[in-house]
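In the UniProt record's numbering, the protein residues as written are 1 to 328.
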């Protein structure tokens with residue numbers, strides 16, 4: 001069993017940050033997202049069957065980039081499992097595959113036949129046989145899954161397959177079922193955005209959706225982050241608007257709206273360098289005038305044009321020069 005206890009501290013914009021963990025085997029789990037201040041305990045079975053030894057990574061992603069959210073007093077606990085199941089299935093497939101095979105492993109090897117119960121989180125799209133039997137002296141058994149090939153425009157589904165048996169830790173594995181129906185998906189963005197600001201975008205499909213569908217937003221660069229990275233378009237709609245935060249090095253970027261097997265289109269947007277607010281600029285000028293800045297030993301760049309404030313001697317700003325952090 002894996003668990004973590006932590007105290008979450010945030011500013012007034014808790015929706016900007018998410019807390020993650022990455023296991024030595026590469027499994028990534030979201031610990032928290034958009035949480036208010038408080039102390040939390042989170043447990044997960046996503047690491048079942050993985051080795052505990054190695055480097056575990058914990059980190060926070062802040063879409064605004066101001067460091068306004070953090071976790072302290074962190075305690076991570078791992079309780080080794082003696083008897084457990086592990087499910088192995090393909091990572092993804094498409095509707096027209098009809099059927100696929102998975103495997104459930106057991107540790108330790110049973111001395112008598114072991115009945116394993118199987119469940120699907122979305123049996124309407126991916127059904128699984130009710131049970132499989134791991135024979136005495138064997139460490140695994142296979143099982144079959146059937147994929148519904150519907151005529152619906154329903155995008156991709158992340159489906160969980162669970163295996164359970166008495167006196168054994170259960171196991172869950174995920175598979176993505178991609179739609180084999182096609183559609184035209186486009187995205188419209190403003191021509192430009194100030195670094196760190198929120199903009200409004202629009203997604204359009206050439207026919208209404210038959211079920212709620214997640215649409216991924218893909219970037220052509222690695223030094224820019226966007227939030228959110230996925231937009232949910234509800235069933236029955238063919239168009240939706242959304243708010244998007246963009247943060248990174250000023251440049252022109254391309255964002256592609258993506259759903260597997262659909263024809264997708266991109267749009268570009270120019271990230272304009274941010275500037276500190278007019279109020280902060282006036283405060284700096286007032287400081288200069290009230291303390292005799294003309295007579296300072298060093299006043300390099302002070303009182304320069306709008307947008308140069310972060311280059312004034314002694315003024316320290318955030319990475320993307322949106323606000324003053326301190327004055328030396």
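Heads up, the beta-carbon is just placed ideally off N, CA and C, and yes, glycines get one too.
Treat the numbers as computed from the prediction; the structure is a model and nothing was measured.
Under three-state DSSP, which class holds residue i?
i: residue 281; result: helix
i: residue 290; result: helix
i: residue 311; result: helix
i: residue 275; result: coil
i: residue 162; result: strand
i: residue 81; result: coil
i: residue 131; result: strand
i: residue 223; result: coil
i: residue 301; result: coil
Note down the Cα distance separating residue i from residue j, rounded to an integer number of angstroms.
i: residue 329; j: residue 182; result: Outside the modelled stretch of the chain, which goes from 1 to 328, sits residue 329, for which no answer is possible.
i: residue 118; j: residue 87; result: 10 Å
i: residue 124; j: residue 57; result: 36 Å
i: residue 8; j: residue 76; result: 14 Å
i: residue 96; j: residue 322; result: 50 Å
i: residue 307; j: residue 274; result: 8 Å
i: residue 324; j: residue 161; result: 50 Å
i: residue 253; j: residue 281; result: 29 Å
i: residue 81; j: residue 23; result: 16 Å
i: residue 120; j: residue 163; result: 9 Å
i: residue 222; j: residue 299; result: 37 Å
i: residue 293; j: residue 320; result: 26 Å
i: residue 47; j: residue 171; result: 9 Å
i: residue 16; j: residue 10; result: 9 Å
i: residue 224; j: residue 109; result: 49 Å
i: residue 25; j: residue 45; result: 14 Å
i: residue 55; j: residue 32; result: 20 Å
i: residue 271; j: residue 251; result: 5 Å
i: residue 288; j: residue 184; result: 57 Å
i: residue 98; j: residue 127; result: 11 Å
i: residue 263; j: residue 278; result: 44 Å
i: residue 4; j: residue 29; result: 12 Å
i: residue 130; j: residue 147; result: 15 Å
Are the beta-carbon atoms of residue i and residue j separated by less than 9 Å?
i: residue 6; j: residue 71; result: yes
i: residue 259; j: residue 142; result: no
i: residue 1; j: residue 169; result: yes
i: residue 154; j: residue 179; result: yes
i: residue 343; j: residue 303; result: Residue 343 lies beyond the stretch modelled for the chain, which goes from 1 to 328, so this question has no answer here.
i: residue 247; j: residue 226; result: yes
i: residue 313; j: residue 295; result: no
i: residue 203; j: residue 256; result: no
i: residue 199; j: residue 243; result: yes
i: residue 101; j: residue 175; result: no
Pick out whichever of the options has its Cα sitting closest to the Cα of residue i.
i: residue 36; options: 43, 49, 19; result: 19
i: residue 38; options: 73, 139, 85; result: 73
i: residue 249; options: 185, 318, 138, 288; result: 318
i: residue 212; options: 199, 224, 4, 233; result: 233
i: residue 68; options: 34, 223, 284; result: 34
i: residue 149; options: 270, 177, 218; result: 177
i: residue 103; options: 140, 217, 305; result: 140
i: residue 84; options: 99, 285, 50, 223; result: 50
i: residue 78; options: 99, 111, 42; result: 42
i: residue 173; options: 55, 126, 244, 91; result: 91
i: residue 122; options: 145, 109, 107; result: 145
i: residue 231; options: 224, 243, 215; result: 215
i: residue 266; options: 187, 279, 130, 159; result: 187
i: residue 105; options: 132, 99, 126; result: 132
i: residue 331; options: 115, 201, 297; result: Nothing about residue 331 can be reported from this structure: the residues present for the chain run from 1 to 328 only.
i: residue 159; options: 326, 89, 268, 310; result: 89
Are the stretch 202-211 and the stretch 232-245 in contact at 8 Å, needing three or more beta carbon pairs?
-> The way I'd put it, the stretch 202-211 does touch the stretch 232-245; three or more beta-carbon pairs between them come closer than 8 Å.
Contact between the stretch 186-194 and the stretch 125-138 (3+ Cβ pairs under 8 Å) | No, the stretch 186-194 does not touch the stretch 125-138.
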